[in-house]
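Q: These protein sequence lines are chains A and B, in that order.
All letters in the first sequence, in the order written, are residues 165 to 432 by the working numbering.
All letters in the second sequence, in the order written, are residues 4 to 264 by the working numbering.
All residues carry an ideal CB built from backbone N, CA and C; glycine is no exception.
For reference, the structure I am asking about is given below.
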Amino acid sequence: MKTLTDLAGRTGNLTFSWLALINRFSRFAADSFRHTFVAPLLGKRRPSAGETFRQMVVVGVDSSPIVITIAMFIGMILAMQTAYQLKKYGIVNLVGDLVAVSITRELGPLITAIIIAGRIGASYAAEIGTMKVAEELDALRSMALNPVRYLVSPRLLAMLVMLPCLTVFANLTGIFGGFIISVFNLGLSPVLYYNHVIEALVLKDIATGLMKSLSFAGIIVLVGCYQGFTVENGAEGVGRNTTNSVVASIFLIILADCFFTALFYFAF
Amino acid sequence: MSKAMISIKNLTTYYGEKRILSSVNLEITEGERMVILGASGCGKTTMLRHLMGLVKPRDGSIFVDGTDICGLSEDGLDQVRLKMGVLFQSAALFNSMTVGDNVAMPLREHTSLNEKVIQIMTRMKLEQVGLAGFENLRPGELSGGMKKRAGLARAMAMDPRILLFDEPSAGLDPIVADGIDNLILKISKAFKTTMVVVTHDLKSAFKIADRITLLYKGEILISGSPEELKKNPDARIRNFLDGRAAEEEIDTTAYLERLLS
Ligand SMILES: Nc1ncnc2c1ncn2[C@@H]1O[C@H](COP(=O)(O)OP(=O)(O)OP(=O)(O)O)[C@@H](O)[C@H]1O
Ligand SMILES: [Mg+2]
Chain A
165 MKTLTDLAGR
175 TGNLTFSWLA
185 LINRFSRFAA
195 DSFRHTFVAP
205 LLGKRRPSAG
215 ETFRQMVVVG
225 VDSSPIVITI
235 AMFIGMILAM
245 QTAYQLKKYG
255 IVNLVGDLVA
265 VSITRELGPL
275 ITAIIIAGRI
285 GASYAAEIGT
295 MKVAEELDAL
305 RSMALNPVRY
315 LVSPRLLAML
325 VMLPCLTVFA
335 NLTGIFGGFI
345 ISVFNLGLSP
355 VLYYNHVIEA
365 LVLKDIATGL
375 MKSLSFAGII
385 VLVGCYQGFT
395 VENGAEGVGR
405 NTTNSVVASI
415 FLIILADCFF
425 TALFYFAF
Chain B
4 MSKAMISIKN
14 LTTYYGEKRI
24 LSSVNLEITE
34 GERMVILGAS
44 GCGKTTMLRH
54 LMGLVKPRDG
64 SIFVDGTDIC
74 GLSEDGLDQV
84 RLKMGVLFQS
94 AALFNSMTVG
104 DNVAMPLREH
114 TSLNEKVIQI
124 MTRMKLEQVG
134 LAGFENLRPG
144 ELSGGMKKRA
154 GLARAMAMDP
164 RILLFDEPSA
174 GLDPIVADGI
184 DNLILKISKA
194 FKTTMVVVTH
204 DLKSAFKIAD
214 RITLLYKGEI
224 LISGSPEELK
234 KNPDARIRNF
244 LDGRAAEEEI
254 DTTAYLERLL
264 S
């Protein structure tokens, strides 16, 4: 009996703490959007353009080599895996269609987001967490500077612009990866591959992929920064929250991906 | 008689269930150097954080220059914070910026002065704290005492009417610490700034204070001029001033219970 009530109590506590976390995170997210998009419209201070540009360079320019390289390998893998199946039916010439559609609708946005969550989201958590430990966040507030406006807004704007751009690069190089396998291994003619890709893709494939990547951008920045702001217990806390930020963003990215895929599949 | 710049009324705060400050009452007049003296962990930093409006008290009110800051929104607080400069316990310089940018930052964010003027003002502030020529270094390349000086230059950037210091001389050798004390006195004389200095260093407290407030386990034991403090016969005050640990009565039963629980 005692173990039963114990179990019920624990479940209750766990549910409660999760609800509290969701509540705090949503309020942080709302605050971030307010400072980034609403406050400037009301004539309040806008996020710094210079800092936004600096963050865009960090996210976009510095991350593009790794995103491009990984996307190309993903395209090659995808081409080999689909060719393996299509050969059975003698329709290997459809490799281009499959690679193009699955990259633009799904893998391009997803892989890009996961790389950036690990590379940039984690660094946001570590950076802001270290600032918190060193009293720098208090210093900002004591200087009448809002930490959300000062730290989150430029990162959010930069990510919302740069993640879709990186996704476009990933889509292109992913399709190019498929091209390499098709031409050099499967013996398809370059023109045939190209025609199949162009035929197969419709605007909706590209648009839905980019829509997803916008939502992923929001998740990466908000989770990374939130984990930074909630660091406790000094340096050890910074390490823990940095790890948490990667796990939590990837989880939420997959969740959002599933939601949007279902939405586009059933509704449009 | 000059007016009260900061007045704290019945300030009571908790961290969770633990009471940190209980019913603290304190008036700090304009231009005064108030030293808040107390042992480690007695709630000095907590009190400063309340003066900046970084945390809201459970009970009581704080008036800064006539405004009650406890009821203010974050925007309202920002107006009050512009009148204050703060030197944090760890200096809290922004590690991603050079020393010069740290000092220039409040000016860049809150004024529309052009960059040339900001550069000159930054150099002036660094000059005042004895750090001329260090503007291109990173905070990580400074010694502890230099960090405190740079933090002070940043706190003074906007020419605030109130300066708050959290342990300005903690962790510094006696000579460097004395240099910081002299700097505080110099700034006070030159700008007539209202100063609240939190410290556990007796020597520097007696050197800089117009008045000293002794904080003990979240309560004010006494608040008065250094002479009044020296003359006071209260055992707890004497213990603190003579640098003796209070002799606690050992309750053997309670001690055993704590060990066995
Ligand atoms: N974020 C926090 N959460 C819980 N308790 C805290 C927190 N910050 C401080 N405390 C507790 O509040 C008490 C007072 O802390 P405070 O930092 O104000 O002390 P202090 O007088 O500044 O000490 P020191 O001289 O060591 O800086 C301490 O007992 C500390 O354990
Ligand atoms: Mg302290």
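(1) Against A/Asn-310, what residues of chain B qualify as contacts under a CB-to-CB distance less than 8 angstroms, listed in chain order?
(2) Exposed or buried, A/Arg-305, counting other C-beta atoms within 10 Å across all chains shown (16 or more means buried)?
(3) Measuring only the C-alpha atoms, how far is A/Asp-421 from A/Ala-371?
(4) Just the Cα atoms here: how many angstroms apart are B/Asn-242 and B/Phe-66?
(5) Within the present structure, is the beta-carbon of B/Glu-20 separated from the nearest heavy atom of ligand 3 by less than 8 angstroms?
(6) Return helix, strand or coil for A/Ile-339, following the three-state DSSP convention.
(7) Tell me which same chain residues have a C-beta within less than 7 angstroms of the C-beta of B/Ser-191, skipping the five on either side of it?
(8) Going straight from the alpha carbon of B/Gly-147 to that of B/Lys-21, what length do you get?
(9) Should B/Ala-238 be flagged as near chain A, meaning a C-beta pair shorter than 9 angstroms?
(10) The stretch 274-308 of chain A: which residues have C-beta closer than 7 angstroms to a C-beta of chain B, in chain order?
(11) Quick one: list the residues of chain A neighbouring B/Phe-97, beta-carbon separation under 7 angstroms, in chain order.
(12) For B/Ser-93, go through chain A and note every residue whose CB falls closer than 7 angstroms to its CB, in chain order.
(13) Shorter than 9 angstroms from the beta carbon of B/Ala-60 to some beta carbon of chain A?
(14) Tell me the DSSP bridge mates of B/Tyr-18?
(15) With hydrogens ignored, establish whether the beta-carbon of B/Ile-11 is closer than 8 angstroms to any heavy atom of ligand 1.
(16) Ordered along the chain, which non-local residues of its own chain (more than five positions away) have a Cβ less than 8 angstroms from that of B/Met-108?
(17) Run down chain A in chain order and give the residues with a C-beta less than 9 angstroms from the C-beta of B/Met-8.
(18) Quick one: is the Cβ of A/Met-295 within less than 8 angstroms of any heavy atom of ligand 1?
(19) For B/Thr-196, tell me which candidate among B/Ile-23, B/Asn-13, B/Ile-11, B/Thr-32 has the shortest Cα-Cα distance.
(20) Determine the DSSP secondary structure at B/Gly-227, reduced to helix, strand or coil.
(21) Using only alpha-carbon positions, find the residue among B/Arg-126, B/Val-83, B/Ser-226 that is nearest to B/Glu-30.
(22) Under three-state DSSP, which class holds B/Asp-237?
(23) In the stretch 108-119 of chain B, which residues sit with their C-beta less than 8 angstroms from some C-beta in chain A, listed in chain order?
(24) Look at the Cβ atom of A/Ala-308, then the Cβ atom of B/Leu-217, and state whether they are nearer than 9 angstroms.
(25) My understanding is that A/Val-395 touches A/Val-402, with C-beta atoms under 8 angstroms, so please give their C-beta distance in whole angstroms.
(26) Taking the straight line between their C-alpha atoms, what separation do you get for A/Gly-434 and B/Lys-150?
(27) I need the DSSP call for B/Lys-6, collapsed to helix, strand or coil.
A: Once the coordinates are examined:
(1) Glu-77, Asp-81
(2) buried
(3) 14 angstroms
(4) 32 angstroms
(5) By its list of ligands, the structure shown excludes ligand 3, since it contains just ligand 1 and ligand 2.
(6) helix
(7) Arg-36, Met-198
(8) 32 angstroms
(9) no
(10) Ala-298, Glu-299, Glu-300, Asp-302, Ala-303, Arg-305, Ser-306, Met-307, Ala-308
(11) Glu-300
(12) Ala-298, Glu-299
(13) In the sequence as displayed, the identity of residue 60 of chain B is Pro instead of Ala. No, no contact with chain A.
(14) B/Lys-21
(15) no
(16) Phe-97, Met-100, Arg-157, Ala-160
(17) Those do not exist, as B/Met-8 stays about 17 angstroms from chain A at its closest Cβ, beyond 9 angstroms.
(18) no
(19) B/Thr-32
(20) strand
(21) B/Ser-226
(22) coil
(23) Met-108, Pro-109, Glu-112, His-113
(24) no
(25) 5 angstroms
(26) Look at the range of chain A in this structure, 165 to 432, and you will see that residue 434 of chain A is not part of it.
(27) coil
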